[in-house]
Amino acid sequence: MQAKLYGILVYILVCAYSYGQNSNEKPIYLTDSHINIATEVVKKAFIPPPSNFNRLKSASNDNANFEVTYINFPEDAKRAFEYAVSIWESLLSSPVTIKVQAVWEYMDGNVLAKGRPTTFFNNFNGTPLPNVYYPVALAEKLTVSELNPGSFDIVCSFNNKYRWYRGTDGNTPDTDYDLVSSALHELGHGLGFSGFLNNKNNQGYFNNLNNLPSVYDFYIFNFKEQQIANKELFQSPSKELFSQLTSEELKFHTPENDKENSPIDKIFAPSVWNEGSSIYHIEGYSYGAENSLMSPFAYKGRAIHNPGKVTTGILSKLGWEYVTFDFEPLKDIEDPKTELNVNVGIKSDFEDALTSVKIIYTADGFKTKDSVDLYFNETTKFYTGKLPVDQNGTYNYYIQAVTVNNRLFKHPAEAPSKKFNLRIGPDYFIPDLLHNPVKLVYTNQNVLNFSAVAKDNVGIKSVTMEYRINGVMQDPVQLNMTGKDIYHGNIQLTGETLKNKNFEYRITARDQSANSNKRTVPSTGFYRIQFFDQYAPRMEYSSTFEDSDDDFVLSDFTISPATGFTGRILHTPHPYPLSAVNNEHYNITAVLKYPIIVMSDGDLSFNEVVLVETGITDHSSSGYTDYVIVEASKDGGNIWLPLTKHYDSAIEENWNMTFKSSFNNSTSSAGGNEGLFVKRNINLTENTGLAEGDTVLIRFRLASDKSINGWGWAIDNLKIQQVYTYSDEILAEKKVLVYPNPFRTSINIKTYEAGSPGLSPVEILITDITGKTVMHKTDAATLMSPGVTIDLSDKKPGMYIVNVKDNKGSVSINKVIKN
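According to the numbering used here, the residues represented by the sequence shown are 37 to 855, in order.
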């Protein structure tokens, strides 16, 4: 195993009902690094790199590849870091590049260096353990895909105040700390020696919003063989858990541990909690210098250039060496059969062959059990066999694979406590049907799209959408499968449909059983869709929401009083609703009915409170985490352009602290109040895709996923382009008045003071925003009262430029808006 940590990559296509696993690639961001403490003690030692290490490694796809971004790193320090990276590359296998940020900086205290994964994921496709967080580099290896594009996987920092030996020969002076050793150590934290166990007021807890362990945390046991992450034994938070974390009696091993797979004792768990060091290190020199890389303390003169069997053994069990399975759980059947075909794929770059692959099954809840050998089919590249199912009842089963060195792997990983179920007999289970309702249709929209997730223990026969217009049922629409359990369909919107504006629908899924079991959403009645009805365009808008009920089309937003606020505000429900579907957002929207005619550098401002799940790293794209955003549409609602980046509570410290201050299960129970208001200012033409003269819809949108939620979003004192004044007053240069502005049919042009240009005929040129001439008078009457009236009743709503030129060449330029 020391020779290379090869991985066997898995794609587990698991139905949610098979063994309770959610499909939710939900990131958790770790902000606290694990630290290595500098001591003044000299422990002279040199452990050379692994025997198979070759810095000039081939371009084999078996090797992992690291990509490092350096911040303030000296050139000779970079060479040492690259050397450490190449050692890890020779030991690891991953199809996804591991992205590292290495920082050379000053740090207070005796912190020599620190490192961490940037992100953890759980319940991804291929996850070995449900509801357990995996560091992103490992999760990406197991999923064979990049989960956080554009972001680092590992960050580590090195204290520039210490003397560092930056050579690679292991000849570290007694006065220096070895940089190669430290780099190997910090990268080890990023690869898996990391998690969430922490202490607050002498209570141990898992420091994440879901109160779940990392995969490293999951495999920590005490000397009584009790699993620390088992909340039936040790609640989180609790003093009992803290007692375990400071017991000096913790070890790392897997639940199926045996003599051949002996436990790794002595996880660093000192009697006094050591922030940043406790738990995520192993006990110093207990295993000899050759296995001391991940000890919590750094010694002068010591050079450890080999992670050692203890460290690589832990990483192996975390998943860097893993047998995984490409397997679709068997569907229930209603009639017994002699046997069912079983096909299991194992995609592997593992050097050692498997000695056996079996399906272990029982018909009596594992009071007794039997097995079927699965044999590799050279044609299909799957392991195949036949499972006897010749009687009614419930069969439980799991898959087991054994390597040549007797490593045992199971799917599900926690079998037999977790297992797959196969029911044989009449089926009365109705399908699962999940759908985020469509709530709003825009005037220019010509297609109405619907999606749903439908799954069933015997399989789905059909998913249909029934709808009615003005109470009259129409021909149903078939939703077609476009992915695993995912169904899509659409209808074309005609002018007549948009005119009626009374559209209701429901969705029904039927299974393949003899009973044709079905589920309909909603369970009673129909969903009703609002049809957007906009008002005349205008150049400005403002509201304190005291009397603005009819100015917006609201989908889950309301304009009403809210606890903690004076007067009425625009706000979401508290807490805001979750999406019904994984990997799909539920959108809560408020759309202003007045289209806004954009002015150059026009501004939009409002006060807001955002108590929304944190988790965005790239604010231009949130993936599937909650966010809020302000958007504009130039085409009546078909395409929406971002006026802001995606953002959440983390953008303001007070919001972030409030959101995380109180939780009830997966919901932040902290409430908003007007003391949390922050003003947001948006330039409508700065990097938005909007230009002067565009007529746009404005909407506020909160996008919610299926996991964590909270209080939501509140908005007050909305102002759009308030720098402009649109009453019947001057909007001109050189003493020329053009009014009314905005206008509906005609404008008046006059001088409001005696003198030029009012005493002589003038030239009037009116253009649209593109410069196209819409009216030109070369010898208009004088502008003395009553002035000149220009009829523009046949022109489209929008912005127009009025140029008035007198006989001396003086020009007055005015912008006017037609509603």
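We put the CB at the ideal spot given by N, CA and C, even for glycine. Keep in mind that this is a model prediction, so the values were computed, not measured.
Chain-order list of residues whose beta-carbon lies under 6 Å from that of residue i (same chain, five-residue window excluded)
i, result
"Thr518", "His524"
"Ile751", "Leu606, Phe642 and Glu644"
"Ala451", "Tyr434"
"Arg865", "Because the chain in this structure spans residues 37 to 855, residue 865 falls outside the shown range and cannot be described."
"Ile744", "Leu245, Glu649 and Ser702"
"Ser657", "Unreliable positioning characterises Ser657 in this predicted model, as indicated by a pLDDT of 47, which lies under 50. The coordinate reading is nonetheless provided below. Here the set comprises nothing."
"Ile543", "His471, Ala488, Met501 and Val557"
"Asn72", "Leu148, Ala149, His221 and Ala334"
"Phe259", "Glu285"
"Ala739", "His621, Asn623 and Tyr663"
"Ala339", "Phe82, Gly206, Thr208, Asp214 and Ser217"
Sequence-distant residues of its chain with Cβ nearer than 7 Å to residue i (five each side left out)
i, result
"Thr761", "The predicted position of Thr761 is uncertain, since its pLDDT is 40 and thus under 50; no value can be drawn from it."
"Asn690", "Leu712"
"Glu769", "Interpretation of Glu769 is limited by its pLDDT of 43, a score under 50 that renders its predicted location unreliable; no figure is taken from the coordinates."
"Ile318", "Lys302, Ile303, Phe304, Met330, Ser331 and Val346"
"Lys715", "Ser641 and Asn643"
"Ser636", "Thr721 and Glu728"
"Ser763", "No answer about Ser763 holds up, because its pLDDT of 34 lies below 50 and its placement is not dependable."
"Pro631", "Gln570, Pro573, Thr731, Val732 and Leu733"
"Gly823", "Asn784, Ile785 and Lys786"
"Gly344", "Glu326, Asn327 and Leu329"
"His655", "A caution first: His655 carries a pLDDT of 45, below 50, which makes its placement in the model unreliable, though a value can still be read off. Correct list, in chain order: Lys681, His682 and Tyr683."
9 Å Cβ cutoff met for residue i and residue j
i, j, result
"Asp684", "Thr661", "yes"
"Leu860", "Thr360", "For residue 860 there is no data in the structure shown, the boundaries of the chain being 37 and 855."
"Gln757", "Tyr571", "no"
"Thr650", "Lys681", "no"
"Lys841", "Val798", "yes"
"Asp741", "Ser615", "yes"
"Leu277", "Ile264", "yes"
"Phe82", "His341", "yes"
"Tyr11", "Gly228", "Residue 11 lies beyond the stretch modelled for the chain, which goes from 37 to 855, so this question has no answer here."
"Asn159", "Asn167", "yes"
"Leu726", "Val838", "no"
"Phe588", "Ala626", "yes"
"Tyr538", "Gly495", "Note on identity: in this sequence residue 538 is Asn, with Tyr being the wrong assignment. Cβ distance not < 9 Å, so Asn538 and Gly495 don't count as in contact."
"Phe232", "Ile256", "no"
"Phe562", "Tyr478", "no"
"Leu529", "Val483", "yes"
"Ile785", "Ile826", "yes"
"Pro273", "Lys236", "yes"
"Thr694", "Leu628", "no"
"Leu390", "Leu423", "no"
"Pro86", "Leu127", "yes"
"Leu754", "Thr724", "no"
"Asn493", "Lys373", "no"
Anticipated Cβ contact below 8 Å, residue i with residue j, distance rounded
i, j, result
"Ser69", "Lys150", "4 Å"
"Leu720", "Ile783", "Their Cβ separation, rounded to whole angstroms, is 25 Å, which puts Leu720 and Ile783 out of contact at 8 Å."
"Lys135", "Glu103", "5 Å"
"Lys336", "Tyr213", "6 Å"
"Ala74", "Tyr198", "6 Å"
"Asp804", "Tyr836", "6 Å"
Residue-level contact to chain E via CB, residue i, 9 Å cutoff
i, result
"Asp587", "In the structure shown, chain E does not exist; there is a single protein chain."
Residue i Cβ short of 8 Å to the ligand SAM heavy atom set
i, result
"Gly746", "By its list of ligands, the structure shown contains no ligand whatsoever, and the ligand SAM lies outside what it can speak to."
Cutoff 8 Å; reference residue i; Cβ partners in own chain excluding five residues on either side
i, result
"Ser96", "With a pLDDT of 44 at Ser96, under the threshold of 50, the modelled position of this residue cannot be trusted, and the question is left open."
"Asn855", "Ala572, Pro573, Arg574, Pro778, Phe779, Arg780 and Pro833"
"Leu92", "In this prediction, Leu92 scores a pLDDT of 38, lower than 50, which makes its location untrustworthy; the coordinate-derived value is nonetheless stated afterwards. Closer than 8 Å at Cβ, skipping near neighbours: no residue."
"Gly461", "Glu370, Asn428 and Gly429"
"Asp189", "Ile134, Lys135, Val136, Pro153, Thr154, Thr155, Pro171, Val172, Ala173, Glu176 and Gly226"
"Asn526", "Val483, Leu484, Asn485, Phe486 and Val513"
Could you tell me which uninterrupted alpha helix (DSSP H) segments, each at least 4 residues in length, are contained entirely in the segment 382-427, listed from first to last along the chain?
-> none
Taking three-plus beta-carbon pairs below 8 Å as touching, is the segment 239-254 in contact with the segment 140-151?
-> no
At least 3 beta-carbon pairs within less than 8 Å: the segment 669-676 vs the segment 731-739 | yes
The segment 430-442 touching the segment 389-397, judged by at least three CB pairs closer than 8 Å = yes
Taking 8 Å as the threshold, find out whether the segment 464-482 comes into contact with the segment 557-567 through three or more Cβ pairs.
-> yes
Any chance you could list the beta strand (DSSP E) runs of at least 3 consecutive residues sitting entirely within the segment 645-714, in chain order?
-> 663-669
Kindly confirm or deny that the segment 149-168 and the segment 114-128 touch, where touching means at least three C-beta pairs closer than 8 Å.
-> no
Given 8 Å, three or more beta-carbon pairs between the segment 802-813 and the segment 608-626 | no
Start-end ranges of the beta strand (DSSP E) lying completely within the segment 552-618, minimum 3 residues = 554-557, 563-567, 577-579, 588-591, 594-597 and 604-607
Any beta strand (DSSP E) of 3 or more consecutive residues that is wholly inside the segment 213-248 | 233-236 and 239-242
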